[in-house]
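Asker: Sequences listed follow chains F and P, in order. Numbering-wise (numbering that gives the first Met the number 0), the first sequence opens with residue 0 and increments by one. Numbering-wise (numbering that gives the first Met the number 0), the second sequence opens with residue 0 and increments by one.
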Amino acid sequence: MSTGVTEKTQTTIGGIRRKFAPWTDPAAVPLIRYENVSKRFGEFTAVDNLSLDIYEREFFALLGPSGCGKTTLMRMLAGFEDPTEGRITLAGQDLVGMPPYKRQTNMMFQSYALFPHMSVWDNIAFGLKQDKMEKGAIAARVDEMLKLVKLEKFAKRKPHQLSGGQRQRVALARSLAKAPKVLLLDEPLGALDKKLREETQFELMDLQMKLGMTFLIVTHDQEEAMTVADRIAVMNHGKLVQVAPPAVIYEQPNSRYVADFVGDVNIIEAKIEAIEPGNVSLYTAVGGGAKLSIAQNVEAKPGDAAFVAIRPEKVRVDLEPPAWQEANCLRGEVWDIGYLGDLSIYHVELEGGVRIKAAKPNLTRMVERPITWEDKVWVSWTPDSGVVLTS
Amino acid sequence: MAAKAPGRWMVVAVPYLWLLVLFLVPFLIVFKISLSQDAIAQPPYEPVFDLAAGWDAFKEAFSQLSFDNYAYVLSWDNEFIEAYGSSLWIAGISTLLLLIVGYPIAYGMARAPKSVRPTLLMLVILPFWTSFLIRVYAWIGILSPEGLLNQLLFALGLIDEPLQILATDTAVYIGIVYSYLPFMILPLYSTLEKMDETLLEAAADLGCPPIAAFWKITWPLSLPGVLAGCLLCFIPAVGEFVIPDLLGGSDTMMIGKVLWTEFSVNRSWTVSSAVAVLLLLVLVVPIVFYQNVQAKEMEGR
């Protein structure tokens, strides 16, 4: 029991997706190491004393708002920026001071940066030609890459004769052609429309598994990071806020920042009353005053202020007070309902003015819902669905 | 659609009318003079079309036109062909020098911080605020045997006797490169400035060192600017008259100078007209070539 819920959940969640979690293995040697890396542009600190290990075959996502330093972190690995302080190693080799054209990383640029005066074929062959590879071998490799991204028929076209999705695939093929130790993807799907983006995300995952390569992706789109990555690093102001698999980031955020950045969340101010192993009891003044109970270990003491974060899909809305549980029940009134087709989002105003969101799947085709505007309702959740946050 | 047509037609007509009145009509007059014969008269050639004299007189005048002047200009015995060749040669070398001097300047400007680019652009255009003629005269003061350049070299102890630069082809090259430099820099700058710098990052990322990346990426992508700059310099340089006249020597042969001599010294309007028409033909070839390339470029987009 002393291992606690958090750790147990983490291994389970990590294991569900893929049986791949080298970061939990103390003997595993990281492929990429950032050691106390800082990068300053004049007065502005883009990356602030940051350390991070990324393992071979990992699909790693750097997630954060624009200006959080995620792109700078990636560009330092590619060699376009040098860290102001600290060390970056790739497979044990110190990268600082090494020019980009000598590094064994390749990047897929946000703008794709395809050479406009070269055909698709020449674009993909460009990197191979730099290695003074033999002509037959280059041709074979380019054809292999074209096949991989399903662009065999477009080899002779120029970039401007392709659609956005095709250009994206050329850029991908070009960056994969040299079989780099790490593939860097800078907002690779930003320019695609939603449908194509979702398709491409799965293609990327597939490709990464098939090739067994290490992928590092930079994105501000949390859904994209959740979909593709083995682990996500959430960044803010040049620092890592949390580094964990997607399910942990979503279900066990370590701070209000992460909870709020990834997905939708309700945050309720509360005060810790009692702590037992695996359970925290709290009291909140909102919703007419209520006892809260969350099944979790927390590093705090009774009397400390804390926040309870609860995802909308985990909140129940009932007309009657829930008889099955005492804690986590708050009174309120339906303030607004958002109908999204698959879901209805109930905005409930709790007594005391705090608004809480509850998502209810529309499981039947019923048009009239039992709960409607201005109904007095109870919102509730189970102890194992909320999270206590102290920061 | 039909209602709009007259307005649209007028918009299109204005430039055509301009070209017709100010380019085609004068050209036809010059062409007609080139087919006439010298005469001691006012104007100094014949025949003269006199519409008042009636149809027969017109036909008579028309039959007197001949291509004799062209035969004269194109004959090897006269120095015209040599002057054409020498003009093309001087203009060609000058254009090459302009490219070598202008490209690094344009490149540096395009890669300069955004905030200083307007200032740099201003500095390139600034010489235009002084008369072209005065600037060329100023070079006489610099290049002459007692000029600033020789004085400087003396003072530095690099030479014992003055360098003879003025009145040589070298002075013509210096003059042309100096005067035409903005026409080379501006088109180069505009193409280089538009170039996406991430292309160079991509090249470096794929293992291409900076110098190789220049020749494989920057240079081919700047070719439209190179071509525009070269033609903007080459075409007027071929017909250049002021610079070879002021800075060149008596053996500097350029067609502009020959044309001037033919017109003002020999007083032959007809031969100088033929020289001018032939010069136009020589220059039309590169212009047509340029337009062809441009059309292809547009298709590319």
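Heads up, the beta-carbon is just placed ideally off N, CA and C, and yes, glycines get one too. Computed from a predicted model, the values in this text were never measured in an experiment.
Would you mind stating whether residue 181 (chain F) and residue 104 (chain F) have Cβ atoms separated by less than 8 Å?
Answerer: Taking the first sequence and counting its residues from 1, the one referred to as residue 181 (chain F) is at position 182. Taking the first sequence and counting its residues from 1, the one referred to as residue 104 (chain F) is at position 105. Their beta carbons are under 8 Å apart, which means residue 181 (chain F) touches residue 104 (chain F) by this criterion.
Asker: Return no unless some Cβ of chain F is closer than 8 Å to the Cβ of residue 49 (chain P).
Answerer: Residue numbering aside, residue 49 (chain P) sits at position 50 when the second sequence is read from its first letter. Taking Cβ atoms only, chain F never reaches closer than 8 Å to residue 49 (chain P), which makes this a no.
Asker: Within its chain, find whatever has a CB closer than 6 Å to the CB of residue 146 (chain P); leave out the 5 residues flanking it on each side and keep chain order.
Answerer: Mapped onto the second sequence, residue 146 (chain P) falls at position 147. Taken in chain order, the residues that qualify are 140.
Asker: So, with DSSP's three-state summary, where would you put residue 165 (chain F)?
Answerer: In the first sequence, residue 165 (chain F) corresponds to position 166, counting from 1. Three-state DSSP puts residue 165 (chain F) in a helix.
Asker: Using 10 angstroms around the beta-carbon of residue 131 (chain P), count the other beta-carbons present and answer buried if the total reaches 16, otherwise exposed.
Answerer: What you label residue 131 (chain P) is simply residue 132 of the second sequence in a count that begins at 1. That one is exposed.
Asker: Listed from N- to C-terminal order along the chain, which residues in the stretch 216-227 of chain P have their beta-carbon within a distance smaller than 7 Å of any beta-carbon of chain F?
Answerer: If the cut-off is 7 Å between Cβ atoms, the stretch 216-227 of chain P has 216, 219, 220 near chain F.
Asker: Would you say residue 106 (chain F) faces chain P, with C-beta separation under 8 Å as the test?
Answerer: Stepping through the first sequence from its first residue, residue 106 (chain F) is reached at position 107. Yes - at least one Cβ of chain P is within 8 Å of the one on residue 106 (chain F).
Asker: What do you reckon, are the CB atoms on residue 101 (chain P) and residue 183 (chain P) nearer than 8 Å?
Answerer: By 1-based counting over the second sequence, the position of residue 101 (chain P) is 102. By 1-based counting over the second sequence, the position of residue 183 (chain P) is 184. Contact: yes.
Asker: According to DSSP, which residues form a beta bridge with residue 374 (chain F)?
Answerer: Here the question's residue 374 (chain F) lines up with position 375 in the first sequence. Paired residues: none, contrary to the question.
Asker: Determine the chain P residues that contact residue 177 (chain F) at a beta-carbon separation under 8 Å, and present them in chain order.
Answerer: On the first sequence, residue 177 (chain F) is found 178 positions in, with the first residue counted as 1. Ordered by position in chain P, the residues that pass the 8 Å Cβ test against residue 177 (chain F) are 205, 206.
Asker: Apart from the five residues on each side of it in sequence, which residues of its chain come closer than 7 Å, Cβ to Cβ, to residue 43 (chain P)?
Answerer: Your numbering for residue 43 (chain P) matches position 44 in the second sequence. So the list reads 37, 266, 268, once near-sequence residues are dropped.
Asker: Pairing CB atoms from the stretch 271-289 of chain F with CB atoms from the stretch 233-242 of chain F, are three or more of them under 8 Å?
Answerer: No: the two stretches stay apart, fewer than three of their Cβ pairs being nearer than 8 Å.
Asker: Kindly list, in the order they appear in chain P, the residues whose Cβ is closer than 7 Å to that of residue 100 (chain F).
Answerer: Taking the first sequence and counting its residues from 1, the one referred to as residue 100 (chain F) is at position 101. Ordered by position in chain P, the residues that pass the 7 Å Cβ test against residue 100 (chain F) are 203, 206, 207, 208.
Asker: Taking only the alpha-carbon atoms, compute the straight-line gap between residue 253 (chain F) and residue 388 (chain F) and give it to the nearest angstrom.
Answerer: In the first sequence, the residue the question calls residue 253 (chain F) occupies position 254. In the first sequence, the residue the question calls residue 388 (chain F) occupies position 389. Near 7 Å, if we compare the C-alpha coordinates of residue 388 (chain F) and residue 253 (chain F).
Asker: Using 8 Å for Cβ pairs, my map puts residue 317 (chain F) next to residue 379 (chain F). What's the rounded Cβ distance?
Answerer: Here residue 317 (chain F) corresponds to residue number 318 of the first sequence, with the count starting at 1. Here residue 379 (chain F) corresponds to residue number 380 of the first sequence, with the count starting at 1. At roughly 7 Å, the Cβ-Cβ gap stays under 8 Å, so residue 317 (chain F) and residue 379 (chain F) are in contact.
Asker: Excluding the 5 residues preceding and the 5 following residue 167 (chain F) in the sequence, name in chain order all residues of the same chain whose CB lies nearer than 8 Å to its CB.
Answerer: For the purposes of this step, residue 167 (chain F) is taken as residue 168 along the first sequence, with counting starting at 1. Excluding residues within five positions, the ones whose Cβ falls inside 8 Å are 111, 187, 188, 190, 191, 199.
Asker: Please tell me whether residue 253 (chain P) and residue 86 (chain P) are closer than 8 Å, where the distance is taken between their beta carbons.
Answerer: For this step, residue 253 (chain P) is matched to residue 254 along the second sequence. For this step, residue 86 (chain P) is matched to residue 87 along the second sequence. Yes, they are a contact pair.
Asker: Taking contact to mean 3 or more Cβ pairs, one atom from each stretch, closer than 8 Å, check whether the stretch 101-117 of chain P and the stretch 175-192 of chain P are in contact.
Answerer: Verdict: yes, contact present.
Asker: In chain F, which residues lie less than 7 Å from residue 198 (chain P) when you measure between Cβ atoms?
Answerer: Within the second sequence, residue 198 (chain P) is the residue found at index 199, counting from 1. Those are 112, 114, listed as they occur along chain F.
Asker: At 4 residues or longer, what runs of the alpha helix (DSSP H) sit wholly inside the stretch 132-168 of chain P?
Answerer: Counting only runs of 4 or more, we get 147-154.
Asker: Would you call the CB atoms of residue 242 (chain P) and residue 171 (chain P) closer than 8 Å?
Answerer: By one-based count along the second sequence, residue 242 (chain P) stands at place 243. By one-based count along the second sequence, residue 171 (chain P) stands at place 172. Taking 8 Å as the Cβ cut-off, residue 242 (chain P) and residue 171 (chain P) qualify as a contacting pair.
Asker: In three-state terms, what does DSSP make of residue 122 (chain F)?
Answerer: Here the question's residue 122 (chain F) lines up with position 123 in the first sequence. Helix.
Asker: Given residue 148 (chain P), which residues of its chain have a CB within under 8 Å of its CB, disregarding the five upstream and five downstream residues?
Answerer: Here residue 148 (chain P) is taken as the residue at index 149 of the second sequence, counted from 1. Taken in chain order, the residues that qualify are 141, 142, 162, 164.
Asker: With a cut-off of 8 Å, does the C-beta of residue 172 (chain F) fall near any C-beta of chain P?
Answerer: Indexing the first sequence from 1 puts residue 172 (chain F) at position 173. It does not: the Cβ of residue 172 (chain F) has no partner Cβ on chain P nearer than 8 Å.
Asker: Looking at the structure shown, is residue 84 (chain F) part of a helix, part of a strand, or coil, going by DSSP?
Answerer: Your numbering for residue 84 (chain F) matches position 85 in the first sequence. Looking at residue 84 (chain F) - three-state DSSP - the assignment turns out to be strand.
Asker: Report the start-end ranges of each alpha helix (DSSP H) in the stretch 15-89 of chain P that is 4 residues or longer and not cut off at the edges.
Answerer: Runs found: 24-33, 54-62, 67-73.
Asker: Determine the DSSP secondary structure at residue 1 (chain P), reduced to helix, strand or coil.
Answerer: By 1-based counting over the second sequence, the position of residue 1 (chain P) is 2. Note that residue 1 (chain P) scores 49 on pLDDT, short of 50, meaning its location in the model is unreliable and no value can be drawn from it.
Asker: From the beta carbon of residue 195 (chain P), is the nearest beta carbon of chain F less than 8 Å away?
Answerer: The sequence position of residue 195 (chain P) within the second sequence is 196, counting from 1. Yes, residue 195 (chain P) lies at the interface with chain F (some Cβ there is under 8 Å from its Cβ).
Asker: Can you tell me which of the three DSSP states residue 291 (chain P) falls into?
Answerer: Against the second sequence, residue 291 (chain P) aligns to sequence position 292. Helix.
Asker: With burial defined as no fewer than 16 other Cβ atoms inside 10 Å of the residue's Cβ, what is the status of residue 146 (chain F): buried or exposed?
Answerer: As a working mapping, residue 146 (chain F) is identified with position 147 in the first sequence. Exposed, because fewer than 16 other Cβ atoms sit within 10 Å of the Cβ of residue 146 (chain F).
Asker: Is there at least one Cβ from chain P nearer than 8 Å to residue 26 (chain F)'s Cβ?
Answerer: Sequence index remark: in the first sequence, residue 26 (chain F) carries index 27 (1-based). Residue 26 (chain F) does not count as touching chain P.
Asker: Taking only beta-carbon atoms, is residue 1 (chain P) less than 8 Å away from chain F?
Answerer: Counted from its first residue, the second sequence places residue 1 (chain P) at position 2. Note that residue 1 (chain P) has pLDDT 49, beneath the 50 cutoff, so the model's placement of it is unreliable and the number below is only indicative. Taking Cβ atoms only, chain F never reaches closer than 8 Å to residue 1 (chain P), which makes this a no.
Asker: Given residue 218 (chain F), which residues of its chain have a CB within under 7 Å of its CB, disregarding the five upstream and five downstream residues?
Answerer: In the first sequence, the residue the question calls residue 218 (chain F) occupies position 219. Same-chain partners within the cutoff: 60, 62, 186, 224.
Asker: Hey, is residue 77 (chain F)'s beta-carbon within less than 8 Å of any beta-carbon in chain P?
Answerer: On the first sequence, residue 77 (chain F) is found 78 positions in, with the first residue counted as 1. At least one chain P Cβ lies under 8 Å of residue 77 (chain F).
Asker: Nearest-angstrom Cα distance between residue 9 (chain F) and residue 193 (chain F)?
Answerer: Translated into positions along the first sequence, residue 9 (chain F) becomes position 10. Translated into positions along the first sequence, residue 193 (chain F) becomes position 194. The predicted position of residue 9 (chain F) is uncertain, since its pLDDT is 37 and thus under 50; a value taken from the coordinates is nonetheless stated next. If you take the alpha carbons of residue 9 (chain F) and residue 193 (chain F), they lie about 30 Å apart.
Asker: Could you tell me the boundaries of the alpha helix (DSSP H) in which residue 228 (chain P) lies?
Answerer: Position 229 of the second sequence, counted from the start, is the residue given in the question as residue 228 (chain P). Per DSSP, residue 228 (chain P) belongs to the alpha helix (DSSP H) from 218-237.
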